[in-house]
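**Q** Residue numbers (this note's numbering): 5 to 153. For glycine and all other residues, C-beta sits at the position ideal for the given N, C-alpha and C. These figures come from a predicted structure and were not determined experimentally.
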Amino acid sequence: MSSWVGASVLGIGEWIIKRMPLVRHIYNASKQISAAISPDQNKQAFKEAIIIRHPRIGEYAFGFITSSVSLQSYSGQEDLYGVYVPTNHLYIGDIFMVNSKDVIRPNLSVQGIEIVVSGGMSMPQILSTLDPHPDLHAIHTDRGGASRS
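Following this line, the structure appears as structure tokens:
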């Protein structure tokens, strides 16, 4: 009985929030991100923890593949990934369209979320790549920044 009452109250609250012009967009985005990082919601989850070169050559950022798209232009087709790169709060971040050839796949699972949430304090000492990159073998970390080896 109490679970039915709780579900009803939550349902009414959600119905009210979805009727508010600005609040509904923030609520929907927050709900999607919560579903993405929840282990029970596999269909919309971050597909993979990755590393991209950002913001400059020699600097790297953790990101999560959220989607893939083919960009068709006059010069041909290019496979791109939608990559979510969180900033100082997990709910706020940037979305980059990154060429699939430029994605670095480290030896991490979604453990990358733990690294981001901890501010990099749970970073392993060495990150190895899963697939061969011609100019990158391992990224050595000192918890103060990443450097190429």
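State the CB to CB distance for the pair G123 and F68, rounded to an integer number of angstroms; the pair is presumed to be in contact (CB under 8 Å).
**A** About 16 Å separates the two Cβ atoms, so there is no contact after all.
**Q** Considering only the beta carbon of each residue, do F100 and I30 sit closer than 9 Å?
**A** Cβ atoms of F100 and I30: not closer than 9 Å.
**Q** Does DSSP classify V27 as helix, strand or coil?
**A** Three-state result, V27: helix.
**Q** Out of S104, Y78 and W8, state which residue places its alpha-carbon closest to the alpha-carbon of L84.
**A** The shortest Cα separation from L84 among S104, Y78 and W8 belongs to S104.
**Q** Quick test of your reading: S71 and G86, contact by CB under 8 Å. State the CB separation rounded to the nearest angstrom.
**A** At roughly 4 Å, the Cβ-Cβ gap stays under 8 Å, so S71 and G86 are in contact.
**Q** Please confirm whether A53 and L14 have their CB atoms less than 9 Å apart.
**A** Contact flag unset, no.
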